[in-house]
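Note that the protein sequences, when read in sequence, are chains E and L. FYI, our numbering numbers position 105 of the first sequence as 591, with every residue one higher than the one before it. FYI, our numbering numbers position 76 of the second sequence as 81, with every residue one higher than the one before it.
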Amino acid sequence: GAGVSQTPSNKVTEKGKYVELRCDPISGHTALYWYRQSLGQGPEFLIYFQGTGAADDSGLPNDRFFAVRPEGSVSTLKIQRTERGDSAVYLCASSSDSGSSYNEQFFGPGTRLTVL
Amino acid sequence: RKEVEQDPGPFNVPEGATVAFNCTYSNSASQSFFWYRQDCRKEPKLLMSVYSSGNEDGRFTAQLNRASQYISLLIRDSKLSDSATYLCVVNPTSGGSYIPTFGRGTSLIVHP
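Encoded structure:
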C-alpha cells in the first residue's frame with residue numbers, strides 16, 4: 487500500500503473534547519494538504535505543508551485548529567474544544583509539488599469526525 | 006460569488022447518453038484546472054487535467070475557455086459505472102502557494 491493513509495477512519499467524540507487526526511502521505515511527496523468536506527460540498531482547504539513548514543494555513547477556521555508535520559512526512563491535525571459544527575470528513579492529500587508547479591494530489595480515505 | 010461554481014445536479018441520464026458539465030471560476034489568474042471524480046463515501050481521484058487546447062481520454066473530453074472562465078467535461082456513451090460526483094478544481098496561480106479550490110461537485114446518475 488503506497489497510497490495516502492489516514493487514521494482513524496472514524497472518530498466519534500463529545501463536544502469540548504480534543505482530537506488528533508493522522509495522515510501518512512505517499513513516500514517522497516513534499517506537499518501535504520488538509521481539507522474538510524461536509525455533505526454535499528467539495529473539499530474545503532484547511533492547510534498546506536511544503537516539507538516541514540506550513541506554507542499556507544489560511545483555511546484553518548479558527549485557533550482551535552492546528553496542524554504539524556515535524557519531520558516532513560506524517561502530519562497530525564489537532565482540534566481543541568471540538569464543536570458539533572466540526573463534524574465532517576477530514577481529507578488529507580499529498581503531491582510532489584515542488585513549489586513551482588502543481589501536480590496531481592493523491593487523497594487518503596479520510597477521517598469521518600462526529601462531534602456529539 | 007464563489008470562486009468555483011458547479012451545478013450540483015443530479016444529472017440523471019440513461020446508459021449510452023452523452024452528458025456535459027460546466028464549471029465557472031472567478032479568478033482570471035487561475036493557471037491549472039482539473040476534474041476529479043468522487044464516489045459515494047470515497048476520496049476524490051484525479052480524472053483528468055484540463056489544458057487550453059482541450060484534451061480527450063477515451064470517452065471523456067475536457068475543455069478550457071479562458072475568455073469566459075469556465076471548464077467543461079463531456080462524457081460520451083455513459084456507463085453505469087460513471088455514476089459519481091465530478092469535482093472541478095482550479096489552481097489560482099503558478100507562483101507562491103498552491104491552494105486548489107474545489108467546486109461543490111456535480112452528481113451524475115446513469116441508469117439502465
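In this text, a Cβ means the ideal position worked out from N, Cα and C, and glycines have one as well.
* Asked: Looking at the C-beta of Q566(E), does it have a partner C-beta in chain L at a distance below 8 Å?
  -> Mapped onto the first sequence, residue 566(E) falls at position 80. Interface with chain L (8 Å Cβ-Cβ cutoff): Q566(E) is excluded.
* To do: For G596(E), decide whether its Cβ has a neighbour in chain L, counting only Cβ atoms nearer than 8 Å.
  => Counting from one through the first sequence, the residue named residue 596(E) turns up at place 110. Yes, contact with chain L.
* To do: Just the chain L side, please: which residues come within less than 9 Å of G539(E) by C-beta, in chain order?
  => Residue 539(E) sits at position 53 when you count from the first residue of the first sequence. Simply none; closest approach about 11 Å.
* To do: On a CA-only basis, which of K84(L), L52(L), N32(L), S57(L) is nearest K7(L)? Give me that one, please.
  => One-based indexing of the second sequence puts residue 7(L) at position 2. The shortest Cα separation from K7(L) among K84(L), L52(L), N32(L), S57(L) belongs to N32(L).
* Asked: What do you reckon, are the CB atoms on E10(L) and K84(L) nearer than 8 Å?
  -> Along the second sequence, read from residue 1 onward, the residue named residue 10(L) stands at position 5. Along the second sequence, read from residue 1 onward, the residue named residue 84(L) stands at position 79. No, the Cβ-Cβ distance between E10(L) and K84(L) is not below 8 Å.
* Excluding the five sequence neighbours on either side, which residues of its own chain have a C-beta within less than 6 Å of the C-beta of T493(E), listed in chain order? -> Here residue 493(E) refers to the residue found at position 7 when the first sequence is read from its first residue. R508.
* **G545(E) versus P117(L): straight-line alpha-carbon distance, rounded** => By 1-based counting over the first sequence, the position of residue 545(E) is 59. By 1-based counting over the second sequence, the position of residue 117(L) is 112. Between G545(E) and P117(L), the C-alpha separation is close to 41 Å.
* According to the Cβ coordinates, are E530(E) and Y519(E) closer than 8 Å? -> For the purposes of this step, residue 530(E) is taken as the residue at position 44 of the first sequence. For the purposes of this step, residue 519(E) is taken as the residue at position 33 of the first sequence. Contact: no.
* Using 10 angstroms around the beta-carbon of S580(E), count the other beta-carbons present and answer buried if the total reaches 16, otherwise exposed. => By one-based count along the first sequence, residue 580(E) stands at place 94. Burial call: buried.
* To do: Return the residues of the region 510-543 of chain E that lie within a Cβ-Cβ distance of less than 9 Å from chain L, sorted by chain order.
  => Among the residues of the region 510-543 of chain E, those with a Cβ less than 9 Å away from any Cβ of chain L are A517, Y519, Y521, Q523, G526, Q527, G528, P529, E530, F531, Y534, Q536, A541, D542, in the order of the chain.
* To do: Using a Cβ cut-off of 9 Å, pull out every chain E residue sitting near F107(L), in sequence order please.
  => Here residue 107(L) refers to the residue found at position 102 of the second sequence. The answer, in chain order, is Y521, Q523, Q527, G528, P529, E530, F531.
* So is Y504(E) buried or exposed if we call it buried at 16+ other beta carbons inside 10 Å? -> Here residue 504(E) refers to the residue found at position 18 of the first sequence. An exposed status is given to Y504(E), since fewer than 16 other beta-carbon atoms sit within 10 Å of its beta-carbon.
* Please name the residues in the region 47-58 of chain L whose beta-carbon is closer than 9 Å to at least one beta-carbon of chain E, in chain order. => Residues of the region 47-58 of chain L with a Cβ closer than 9 Å to any Cβ of chain E, in chain order: K47, E48, P49, K50, L51, S54.
* To do: Over the uninterrupted beta strand (DSSP E) stretch that includes D510(E), give me the two end residues.
  => Locating residue 510(E) in the first sequence gives position 24, counting from the first residue. For D510(E), the enclosing beta strand (DSSP E) covers residues 505-510.
* To do: Would you mind listing the beta strand (DSSP E) stretches within the region 24-96 of chain L that are 3+ residues and don't spill past its ends, in chain order?
  => Segments of the beta strand (DSSP E) lying fully in the region 24-96 of chain L: 24-30, 37-43, 50-55, 60-62, 65-70, 75-80, 89-96.
* Quick check: the region 35-55 of chain L against the region 64-75 of chain L, are there 3 or more CB pairs under 8 Å? -> By the Cβ test, the region 35-55 of chain L is in contact with the region 64-75 of chain L, since at least three Cβ pairs between them sit closer than 8 Å.
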